[in-house]
Each structure stands twice: as structure tokens, then as C-alpha cells.
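Colleague: The structure is given below, and queries will be raised subsequently.
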Amino acid sequence: MTSKVYLIPASLREGPGGVSHKARTLFRAAGMARCFKPNDFTAVKIHVGEHGNTTHIKADCLRGLIEELRALKTKPFLTDTSTLYSGRRHNAVDHAILAAEHGFSLENLGIPFIAPDGLFGTSETAVRIDCPLNKEVLVAYDIVRCQSILSCAHFTGHVAACAGATLKTIGMGCTSRKAKMRQHASLKPQVGDNCTLCGQCERYCPADAITLDQVKAHIDRDKCIGCAECVAVCRFDAVKYDWGAENPVLQKNVAEHALGVLKDKAGRACFFNFLLSITKDCDCFDNPDMPNIVPDIGIAASTDPVALDKASIDLVEQAGGDRLGALIGNKNLDYDAQISHAEAIGLGTARYELVEV
Ligand code: SF4
Ligand code: SF4
């Protein structure tokens, strides 16, 4: 069995209005309207971009998709959950203000931004999945309560999961803080000898797991929740993961959590990967103007999240002439565990038919 993945070529050079038009054309060509019914509360899953990040997908690129949902008489709302790390998306209030600053607001797009996991990322519902790593997962409360999902993921590399795309957006981005901690729990970083004792990691660690002595920073592995904040803030490349040993567990966890998020959304969710401004790191990084690892490709969409991510990775690797891990500067990183585990637990298929629009 194969799943259809629809692709429309696009470039940011067309401007947000042009990208929005392309996304709407794709929505119609792929017949995505079938996923939505009048009066649905429809979660439009987005990433508003961390404060300082300039390469996230801009709010105006989503206008056409939102207009399609409104024409279908659904009640769409922009949504994303609180992060583990302590940036501007760490709680619902700061997150909503940042979203508005980046144009993801009622004033600009005509629909509100609502965090589905409450003020502090603790509003959750346990969903039974009976998978190898997790018998149940903790999904953001209002993601379970809403009737349909339109997911808009920005395809990027990812420091821990290799690819930041739809599976990551759904599995990590639609679950509660406790669920995020469980997914990251296998990742335990270590500090190398090039530590300069700058103290940034100690300041930002949400688990108070880092202390400094006269020589370097040290991480208490029992306290560490594997959130990767220290990797993100260290400017001296001193914090290291054992990627080979731990990365596949994270990827499998993400796939299982995505299964939980989508458990009651069969036929009621569609997924878009924006293969534009494809950067080495994800939009949680506050670096401005991160360079692209490949030129803009377009927008891909499917009702099968596994086929969509596999097709998107293939497109990026074809454009870059190498494996994704190598393109983002870490040959030891791979995404195979995520795709194959997602397939094995019944989330979708990696076999796809690419339909160019
Ligand atoms: S942020 Fe990096 S350099 Fe600074 S103390 Fe932590 S490990 Fe050392
Ligand atoms: S030491 Fe662990 S908990 Fe602290 S920032 Fe690093 S990964 Fe997160």
C-alpha cells in the first residue's frame, strides 16, 4: 500500500502572499476539505518561531489555509504547546504574546492563538496506545477535545531527532510538558573539555542538573530530563550527546506520541510540510538568519504523516546530494528509527506516490 504525497514547488522569493496562495492550491488539489466538518474545533498546529528566530514560516503564509477552513465553517484556532526549555514559549501567556508579535494573532489572521495544554503545559489527557515503549501517552487536553487538525510544519534539521517535520510537530508539539520529558528522557548530555565556564547552561537548565566547578560544567544524570536546553545555549560546542546510543529511542518515542495524538483523528487530520528556508536547526533556536542547507523546494501535504515525512526527507536529500544527518553536520544522526517505528506501530506507511501539483 502506498500513500499519496502532494507537492507544489514554491520559494520564499514569491513572498508570503505567493506561498499562501500555493498552500491553498495544494489544499484544494489534495482534496483536504474532506478532513473537516462544519462546527469542528480545528487545531491549526504551528510553530511561531522562538524570539529572535527569523527563518520560521511566517504567519501570512498560512492565510490561505485558514480561509479554506473558515469557508468550510469550522472553528479554527492557532495552537502550539509550551516548551520544556525556558524561552518565550515556556508558558501560555508569553507564548501567546510572542505569537502575536510574529503575526499569529486574531488581528492578523482572524483566528485566535490558544495553547492546548493550559497555562503551564500541564493540562493533559492520557491516551492508551499499547506500544513497545509507551502503554499510554499524555496528549495536550484541547488537542484531544478538538475534532480535527491541520498541521503546518516547517521542515528543518533537528539537533536530536535529525528531522524536524510533521512527526516531531505532532508527537512532541501536541503533548504536555510531562510527555515531552518522557520523550527526551533517554538523552543525557555530557560536558567536554572545551567548556569555558561561561555558565549559560547552568542558568537555563530547567532541572537544576548543572553545576560548575573550577574546571568545567557537570551534569547530574539523575536530575537531567534530557531537554537539550544546554546544547542549545552553549556557544562553545562543549555539550555533547551520545547520539548513536540515544537518538533512536527519542525518535521512537516521538512516533508513539504522534500515534496517541492522532488516535481519535482518523480521517480528520491533514499535514503540510513547508520545505522552505530549510535550516540545520529548528525554529526553537533564537539565531537570526540561519543559513539554508538546501534551496527552497516547495510545500508537501498528505493525510499520512509517515509518508509525508519520508517524502520530504527524500526531497531534501536529493536537493542536497547527501544524507540529512550529513547535511546538518552530524553524520551519526539518522531518522530511520522514527520512520520505521512509525510504520511498525501503524501510524502510516513510508511507501508513497509523489503527485506534483
Ligand atoms: S554553556 Fe557550554 S561553555 Fe558555558 S558552562 Fe555550559 S558547557 Fe561550559
Ligand atoms: S542538563 Fe539535562 S535537563 Fe539540564 S538543560 Fe541539559 S538536557 Fe536539559
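Just so you know, we're using my numbering here: the sequence shown kicks off at 743 and counts up by one. All C-beta atoms, glycine included, are put in the ideal place defined by N, C-alpha and C.
Using 8 angstroms as the threshold, is the C-beta distance between G1002 and L1017 below it?
Modeller: No, the Cβ-Cβ distance between G1002 and L1017 is not below 8 angstroms.
Colleague: How many Å lie between C1026 and H960 at the Cα?
Modeller: So the two alpha carbons sit approximately 24 angstroms from each other.
Colleague: Comparing alpha-carbon positions, which option in A1042, N876 and A1008 lies nearest A927?
Modeller: Checking every option, the nearest Cα to that of A927 belongs to N876.
Colleague: Considering only the alpha carbon of each residue, which of H837, C777 and A1049 lies closest to Y748?
Modeller: The shortest C-alpha separation from Y748 is found at A1049.
Colleague: Using a threshold of 8 angstroms, state whether the C-beta atoms of G915 and T1021 are closer than that.
Modeller: Their beta carbons are not under 8 angstroms apart, which means G915 does not touch T1021 by this criterion.
Colleague: Since K746 sits in a beta bridge, which residues does DSSP pair it with?
Modeller: DSSP lists E1095 as partners of K746.
Colleague: Taking just the CA atoms, how far does T796 sit from T1091?
Modeller: Distance between the alpha carbons of T1091 and T796: 33 angstroms.
Colleague: At a cut-off of 7 angstroms, would you count A895 as near ligand 1, judging by its Cβ distance to the nearest heavy atom?
Modeller: For ligand 1, not one heavy atom lies less than 7 angstroms from the Cβ of A895.
Colleague: Can you tell which of C969, K910, D950 and V981 has the C-alpha that lies nearest to the C-alpha of L939?
Modeller: Taking only the C-alpha atoms, the option nearest L939 is V981.
Colleague: Using 7 angstroms as the cut-off, classify the Cβ of G941 as near or not near the heavy atoms of ligand 1, replying yes or no.
Modeller: Flag set: Cβ of G941 near ligand 1.
Colleague: Helix, strand or coil for Q889? Go by DSSP, reduced to three states.
Modeller: Three-state DSSP puts Q889 in coil, outside helix and strand.
Colleague: Which same chain residues end up closer than 6 angstroms to F819 when comparing Cβ atoms and leaving out the 5 residues on each side of it in sequence?
Modeller: So the qualifying residues of the chain are I853, P854 and I856.
Colleague: Please go through the region 951-1008 and give each complete alpha helix (DSSP H) segment of 4 or more residues, from N-terminal end onward.
Modeller: If we require 4 residues or more, the alpha helix (DSSP H) runs fully inside the region 951-1008 come out as 971-975 and 985-1003.
Colleague: Should the region 871-887 be regarded as contacting the region 837-848, the criterion being three or more beta carbon pairs within less than 8 angstroms?
Modeller: Counting Cβ pairs under 8 angstroms, fewer than three are found: no touch.
Colleague: Would you call V957 buried or exposed, if buried means 16 or more other Cβ atoms sit within 10 Å of its Cβ?
Modeller: It is exposed - the Cβ of V957 has fewer than 16 other Cβ atoms within 10 Å.
Colleague: Determine the DSSP secondary structure at V761, reduced to helix, strand or coil.
Modeller: DSSP places V761 in helix when its eight states are reduced to three.
Colleague: Thinking C-alpha only, which one of K1005, G968 and P1047 is nearest A868?
Modeller: Selected option, being the one with the closest Cα: K1005.
Colleague: What residue ranges within the region 817-851 form continuous alpha helix (DSSP H) runs of no fewer than 4 residues, ordered along the chain?
Modeller: Taking only runs of at least 4 residues, the alpha helix (DSSP H) segments lying wholly in the region 817-851 are 834-843 and 848-851.
Colleague: How would you call M743, buried or exposed, if buried means at least 16 neighbouring beta carbons within 10 angstroms?
Modeller: Its Cβ having fewer than 16 others within 10 Å, M743 is exposed.
Colleague: Using CA coordinates, which residue listed in R755, A902, A1011 and I1087 is at the minimum distance from V786?
Modeller: Of the listed residues, the one whose Cα sits closest to V786 is A1011.
Colleague: Using three-state DSSP, classify V790 as helix, strand or coil.
Modeller: If DSSP states are grouped into helix, strand and coil, V790 belongs with coil.
Colleague: Mapping the DSSP letters down to three states, classify V901 as helix, strand or coil.
Modeller: It is coil, neither helix nor strand.
Colleague: With a 10 Å radius around its C-beta and 16 neighbouring C-beta atoms as the bar for buried, classify N781 as buried or exposed.
Modeller: N781 comes out exposed.
Colleague: Start and end of the beta strand (DSSP E) containing E1085?
Modeller: Where E1085 is concerned, there is no enclosing beta strand (DSSP E), although the alpha helix (DSSP H) it sits in stretches over D1078 to A1086.
Colleague: By the DSSP assignment, the alpha helix (DSSP H) with E944 in it spans what residues?
Modeller: Its alpha helix (DSSP H) spans residues Q942 to Y946.
Colleague: Count the other CB atoms within 10 Å of the CB of K994; is the residue buried (16 or more) or exposed (fewer)?
Modeller: Burial call: buried.
Colleague: Quick check: does the Cβ of E971 come within less than 7 angstroms of any heavy atom belonging to ligand 2?
Modeller: Flag set: Cβ of E971 near ligand 2.
Colleague: On a CA-only basis, which of C894, F778 and L804 is nearest L851? Give me that one, please.
Modeller: Of C894, F778 and L804, the residue nearest in Cα terms is L804.
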